[in-house]
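In the working numbering, the protein residues as written are 58 to 516.
Worksheet: one structure, shown below.
What follows is the structure in structure tokens.
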């Protein structure tokens, strides 16, 4: 049997019409049925494209010039958008972003879970899809003897030196990164050189409470002793009254991991505070806390609606983190049991429960897939189980434990439509029915989408 060669060659320049878009935001066009994936192409557009990679069944191209523009193409407001890669969708209207994310969920449920005839609601978006991130971690470098800060160029560790701001980051955080960099530069604090493992200042992290307007500055350094640190703290805190905490994190390792094991408070408090709805959270330098609290509120409101609590239920929150969703559930349920593998997160969850005077939520350290069968052996029978797993989805043993516990309802909060669909198939085969799904745009301008699915036990 003769192999058919692809109809295009590497480095060939062609005219291509885009018919579709991938879940990573690349335009899809076909030449004689052969698909080409091209970043920044939008459906309905015709463009000049250079073929940069050819495989047996598909290829990749680079957009050279758009000949016929989509109505949904917009000019990215960020000056380094095409260099950075932190955002992938700034060239696309926000309406199209929301529709793309809904389609992504719909497609995954259809192709992977074989679930078609359920409502998948329009994606819940933001009124203003900019300046939403309450945390920024920026690497520090140098150019012409001056300190620079900026994200890395795509697929590199080269800092984008003309990045003046990040327009999906809280403006206060942007200003604080700039202020710390300028003071450190004036004091002669050297940047960390990862090639030679020398220097001091690795990253500047800033966290802010969007409701409380409190700010924490975290200086990530290679060594604990830093000349000029006292002066740096004095200048930061005297000119920025919203700064409530200055923390040093020491990371002496040759690693891409940003934070090291040792953290100490240099000035102010160990925590800053923020609020989601009527629940207050204490946030330390290493706490996991959602980066977009207004959308988190919408996400958890939807999860609560699907949990359908009357006040008499026992609820398990698997992958509970710092107790964010557990505390929302506790206000409506009789009892909530949270389980999380990270001990520091469980400590934060317990503190957050105290902070909010919530006494019907208990938190346990461990793997949910091991803790839940033990709970079941002790006679714990949950009415509702809520899961909010990492991108890899639920562990198979956890899904089995959930099926054995037979709660009336399962609420699945997912950051990955593919693993959500995979797990829904297992739950459906185990006697459950997916009723509906609600996508929520937690990360505007990026391809990520959160989804809440309502799952009920078949009678």
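We put the beta carbon where it would ideally sit given N, CA and C, even for glycine.
Legend entry - Ranges of the alpha helix (DSSP H) found wholly within the stretch 223-254, counting only runs of at least 4: If we require 4 residues or more, the alpha helix (DSSP H) runs fully inside the stretch 223-254 come out as 228-244.
Legend entry - Strand pairing of residue 469, partner residues [DSSP]: Within the chain shown, residue 469 is the residue found at index 412, counting from 1. Bridge partners of residue 469: 444, 510.
Inset, instruction - Return the chain-ordered list of same chain residues with a C-beta closer than 6 angstroms to the C-beta of residue 127, the five sequence neighbours on each side being excluded. - result: As a first step, residue 127 is located in the chain shown; it is residue number 70 there, counting from the start. Around residue 127, the same chain offers 99, 101, 102 as residues with beta carbons nearer than 6 angstroms, after the five sequence neighbours per side are excluded.
Legend entry - Cα-Cα separation, residue 220 to residue 313: Walking along the chain shown from the start, residue 220 turns up at place 163. Walking along the chain shown from the start, residue 313 turns up at place 256. Distance between the alpha carbons of residue 220 and residue 313 is about 21 angstroms.
Inset, instruction - Using beta-carbon positions only, say whether residue 315 and residue 194 come within less than 8 angstroms of one another. - result: The residue given as residue 315 occupies position 258 in the chain shown. The residue given as residue 194 occupies position 137 in the chain shown. For residue 315 and residue 194, yes; Cβs fall inside 8 angstroms.
Inset, instruction - Assign residue 192 to buried or exposed, taking buried as 16 or more other Cβ atoms, counted over all protein chains shown, within 10 Å of its Cβ. - result: By one-based count along the chain shown, residue 192 stands at place 135. Of the other Cβ atoms in all chains shown, 16 or more fall within 10 Å of the Cβ of residue 192; this residue is therefore buried.
Inset, instruction - Quick one: measure Cβ to Cβ for residue 499 and residue 356, integer angstroms, because I've assumed they're closer than 8 angstroms. - result: Looking up residue 499 in the chain shown gives position 442. Looking up residue 356 in the chain shown gives position 299. Contact flag correct, Cβ pair sits at about 7 angstroms.
Inset, instruction - Would you mind stating whether residue 171 and residue 482 have Cβ atoms separated by less than 8 angstroms? - result: Here residue 171 corresponds to residue number 114 of the chain shown, with the count starting at 1. Here residue 482 corresponds to residue number 425 of the chain shown, with the count starting at 1. Contact annotation: residue 171 and residue 482 have beta-carbon atoms nearer than 8 angstroms.
Legend entry - the stretch 396-407 touching the stretch 465-484, judged by at least three CB pairs closer than 8 angstroms: Here the stretch 396-407 does not lie against the stretch 465-484, with fewer than 3 beta-carbon pairs under 8 angstroms apart.
Inset, instruction - Return the residue from the list 81, 174, 68, 66 that minimises the CA-CA distance to residue 506. - result: Translated into positions along the chain shown, residue 506 becomes position 449. For the residues 81, 174, 68, 66, the minimum Cα distance to residue 506 belongs to 81.
Inset, instruction - With distances taken Cα to Cα, identify the nearest neighbour of residue 458 among 444, 449, 448. - result: Here residue 458 refers to the residue found at position 401 of the chain shown. Minimum Cα distance to residue 458 is reached at 444.
Legend entry - Contact under 8 angstroms by Cβ, residue 463 with residue 514: One-based indexing of the chain shown puts residue 463 at position 406. One-based indexing of the chain shown puts residue 514 at position 457. Yes, they are a contact pair.
Legend entry - Backbone CA spacing between residue 364 and residue 233 [nearest angstrom]: Here residue 364 refers to the residue found at position 307 of the chain shown. Here residue 233 refers to the residue found at position 176 of the chain shown. A straight-line Cα-Cα distance of about 40 angstroms links residue 364 and residue 233.
Legend entry - Residues near residue 279 in its chain [Cβ-Cβ closer than 7 angstroms; skip 5 each side]: Position 222 of the chain shown holds residue 279. For residue 279, where only same-chain residues beyond five positions count, the Cβ hits under 7 angstroms are 249, 256, 257, 259, 308, 309.
Inset, instruction - Could you check if residue 245 is buried or exposed, using at least 16 other CB atoms within 10 Å of its CB as the buried criterion? - result: In the chain shown, the residue the question calls residue 245 occupies position 188. With a threshold of 16 other beta carbon atoms within 10 Å, residue 245 falls short and is exposed.
Legend entry - Helix, strand or coil at residue 491 according to DSSP, with G and I counted as helix: Locating residue 491 in the chain shown gives position 434, where the first residue counts as 1. In this structure, residue 491 counts as strand in the three-state DSSP scheme.
Inset, instruction - Check residue 265 in the structure and name its three-state DSSP category. - result: Taking the chain shown and counting its residues from 1, one reaches residue 265 at position 208. Residue 265 falls in the strand class under three-state DSSP.
Inset, instruction - Let me know if residue 516 comes out buried or exposed under the rule of 16 or more other beta-carbons within 10 Å of its beta-carbon. - result: Here residue 516 refers to the residue found at position 459 of the chain shown. Exposed is the call here.
Inset, instruction - For residue 337, write down the residues that DSSP places opposite it in a beta bridge. - result: On the chain shown, position 280 is the one that residue 337 refers to. Partner(s): 332.
Inset, instruction - Count the other C-beta atoms from every protein chain shown that fall within 10 angstroms of the C-beta of residue 447, then say buried if there are 16 or more, exposed otherwise. - result: Within the chain shown, numbered from 1, the residue matching residue 447 stands at position 390. By the 10 Å Cβ count, residue 447 comes out exposed.
Inset, instruction - Name the two residues that bound the continuous alpha helix (DSSP H) containing residue 524. - result: Here the chain has residues from 58 to 516 only, and residue 524 is not among them.
Inset, instruction - Entirely within the stretch 259-304 and at least 4 residues each: give me those alpha helix (DSSP H) ranges in chain order. - result: Whole alpha helix (DSSP H) segments, 4+ residues: 286-296.
Legend entry - For residue 154, the three-state DSSP class (helix, strand or coil): Residue numbering aside, residue 154 sits at position 97 when the chain shown is read from its first letter. Helix at residue 154.
Inset, instruction - Using a threshold of 8 angstroms, state whether the C-beta atoms of residue 264 and residue 224 are closer than that. - result: Reading the chain shown from its first residue, position 207 is the one you call residue 264. Reading the chain shown from its first residue, position 167 is the one you call residue 224. No, these two residues do not count as a Cβ contact at 8 angstroms.
Inset, instruction - Following the continuous alpha helix (DSSP H) through residue 486, name the residue where it begins and the one where it ends. - result: If you number the chain shown from 1, residue 486 lands on position 429. That run of the alpha helix (DSSP H) goes 474-486.
Legend entry - Run of the beta strand (DSSP E) containing residue 342, from where it starts to where it stops: If you number the chain shown from 1, residue 342 lands on position 285. It is not in any beta strand (DSSP E) - residue 342 carries neither H nor E in the DSSP assignment.
Legend entry - residue 429 beta carbon less than 8 angstroms from that of residue 342: Working through the chain shown from its first residue, we reach residue 342 at position 285. Working through the chain shown from its first residue, we reach residue 429 at position 372. No; because the gap between Cβ atoms is not below 8 angstroms, this pair is not in contact.
Inset, instruction - Indicate the three-state DSSP secondary structure (helix, strand or coil) for residue 96 in the structure shown. - result: Numbered from its first residue, the chain shown carries residue 96 at position 39. Residue 96: strand per DSSP, three-state reduction.
Inset, instruction - Name the two residues that bound the continuous alpha helix (DSSP H) containing residue 433. - result: Position 376 of the chain shown holds residue 433. Bounds of the alpha helix (DSSP H) holding residue 433 are 425-434.
Legend entry - Any beta strand (DSSP E) of 3 or more consecutive residues that is wholly inside the stretch 108-166: Counting only runs of 3 or more, we get 116-125.
Legend entry - Identity of the residues DSSP links to residue 374 by a beta bridge: Taking the chain shown and counting its residues from 1, one reaches residue 374 at position 317. DSSP, once it has assigned bridges, lists 395, 443 as partnering residue 374.
Legend entry - Where residue 405 sits in the DSSP three-state scheme: Your numbering for residue 405 matches position 348 in the chain shown. Residue state, collapsed to three classes: helix.
Legend entry - Close beta carbons around residue 181, own chain, < 6 angstroms, minus the five adjacent residues each side: The residue labelled residue 181 in the question sits at position 124 within the chain shown. Excluding positions up to five away in sequence, the list reads 355, 497.
Legend entry - Buried versus exposed call for residue 493 [16 or more other C-beta atoms within 10 Å across all chains shown]: Translated into positions along the chain shown, residue 493 becomes position 436. Residue 493 comes out exposed.
Legend entry - Contact belief for residue 73 with residue 118 at Cβ below 8 angstroms, rounded distance in angstroms: Along the chain shown, one-based indexing puts residue 73 at 16. Along the chain shown, one-based indexing puts residue 118 at 61. Yes, they are in contact, since the Cβ atoms of residue 73 and residue 118 sit about 7 angstroms apart, within 8 angstroms.
Inset, instruction - Apply the 10 Å Cβ neighbour rule to residue 19 and answer buried if 16 or more other Cβ atoms are within range, or exposed otherwise. - result: There is simply no residue 19 to check, as the chain begins at 58 and stops at 516 in what is shown.
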